[in-house]
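Taking it in order: structure first as structure tokens, then the write-up.
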Amino acid sequence: LEVIATSEADPTEIQAVKHKTHPVWGVQFHPESVLTQGGRELLKNFLTLTR
Numbered sequence: 255l256e257v258i259a260t261s262e263a264d265p266t267e268i269q270a271v272k273h274k275t276h277p278v279w280g281v282q283f284h285p286e287s288v289l290t291q292g293g294r295e296l297l298k299n300f301l302t303l304t305r
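If you read the sequence shown in the numbering used here, its first letter stands for residue 255, the second for the next number, and so on.
Right, here's the structure in full:
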């Protein structure tokens, strides 16, 4: 897996990964995050990319 996003507050905290050769992604996401600024957009973008 390749790290594609980390936390701004702590760069060692992985937030998203992708497989190097297959169309597989993973994100660190908590359902309550949709209540934060940009949370719904993050989830919408992820679903758009992975469908």
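Even for Gly, the Cβ is constructed at its ideal location relative to N, Cα and C.
Predicted model only: the values in this text are computed from it and were never measured.
What residue range does the beta strand (DSSP E) around Thr260 cover?
On the sequence shown, position 6 is the one that residue 260 refers to. Unbroken beta strand (DSSP E) run through Thr260: 256-260.
Starting from the Cα of Leu296, find the closest Cα among Val257, Glu256, Ala270, Thr266 and give me that residue.
If you number the sequence shown from 1, residue 296 lands on position 42. With distances taken between Cα atoms, Leu296 lies closest to Ala270.
Between the C-alpha atoms of Arg294 and His284, what's the straight-line distance to the nearest angstrom?
Numbered from 1 along the sequence shown, position 40 holds the residue referred to as residue 294. Numbered from 1 along the sequence shown, position 30 holds the residue referred to as residue 284. Rounded to whole angstroms, Arg294 to His284 spans 11 Å at the Cα level.
Taking just the CA atoms, how far does Glu267 sit from Gln291?
Residue 291 sits at position 37 when you count from the first residue of the sequence shown. Residue 267 sits at position 13 when you count from the first residue of the sequence shown. Roughly 20 Å between the two C-alpha positions.
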